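Taking it in order: structure first as structure tokens, then the write-up.
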Amino acid sequence: MVVEDDTGKYMAIILGIDPGSRTTGFGLVKFIRGKFEYVASGCIRTQGDELAPRLHTIYNGISEIILQYQPDEFAIEQVFMAKNADSALKLGQARGVAIVAATNQQLAVAEYSARQIKQAVVGTGAAKKEQVQHMVQHILK
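Just so you know, this note's numbering puts 59 at position 57 of the sequence shown, and the rest follows in order with no gaps.
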């Protein structure tokens, strides 16, 4: 639930997901009094070659994160056009189980392109991963 604090600004915990069939990254931030505060981050790592058990691991991992941190909002990276169709399909399925985990907990899902995320964090949609990392560390101290 997003609530107003005594200054009239919104407070919310936001869960962001960077999906992947082998490694799914997550980060949680609290938006309070107009600023972001770091809550937690990490990766859900899957094992094995069979896709179904890996997707199950992702679903369970995200479900546990949601239950532990009770986020108010859920954001996920949109699918990008990959050169390898098989990889794109697996990424789409990883996104799907992440979205289902969120909607099963009644979280609304917001989807953002990598370009939108880079633009918001760094100021340019063409930023490199290292630039995004640096700015996130700076913003969240």
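Beta carbons are placed, not taken as given, at the ideal position from N, Cα and C, and that holds for glycine.
In this text, all values refer to a predicted model and were calculated from it rather than measured experimentally.
Environment of residue i [buried if 16+ CB atoms lie within 10 Å]
i: residue 48; result: buried
i: residue 26; result: buried
i: residue 50; result: exposed
i: residue 52; result: exposed
i: residue 60; result: buried
Close-in-space but distant-in-sequence residues of the same chain around residue i (CB under 8 Å, 5 per side omitted)
i: residue 71; result: 15, 17, 30, 41, 42
i: residue 115; result: 79, 80, 82
i: residue 106; result: 65
Alpha carbon of residue i to alpha carbon of residue j, nearest angstrom
i: residue 101; j: residue 56; result: 15 Å
i: residue 24; j: residue 81; result: 15 Å
i: residue 94; j: residue 28; result: 16 Å
i: residue 1; j: residue 89; result: Past the edges of the chain, shown from 3 to 143, lies residue 1, and the structure says nothing about it.
i: residue 58; j: residue 139; result: 31 Å
i: residue 92; j: residue 20; result: 14 Å
i: residue 99; j: residue 22; result: 11 Å
i: residue 130; j: residue 120; result: 8 Å
i: residue 111; j: residue 96; result: 15 Å
i: residue 85; j: residue 127; result: 20 Å
Close beta carbons around residue i, own chain, < 7 Å, minus the five adjacent residues each side
i: residue 103; result: 61, 64, 65, 68
i: residue 73; result: 15, 16, 17, 30, 109
i: residue 137; result: 123, 124
i: residue 78; result: 19, 21, 97, 100, 101, 111, 113
CB-CB length for residue i against residue j, believed under 8 Å
i: residue 75; j: residue 142; result: Not confirmed; about 17 Å, so no contact.
i: residue 118; j: residue 124; result: Incorrect: roughly 11 Å between the Cβ atoms, too far for contact.
Subject >> Length at least 4, wholly inside the region 28-79: the alpha helix (DSSP H) runs in chain order >> reply: 53-71
Subject >> Within the region 72-134, ranges of the beta strand (DSSP E) (whole runs, at least 3 residues) >> reply: 75-79, 111-114
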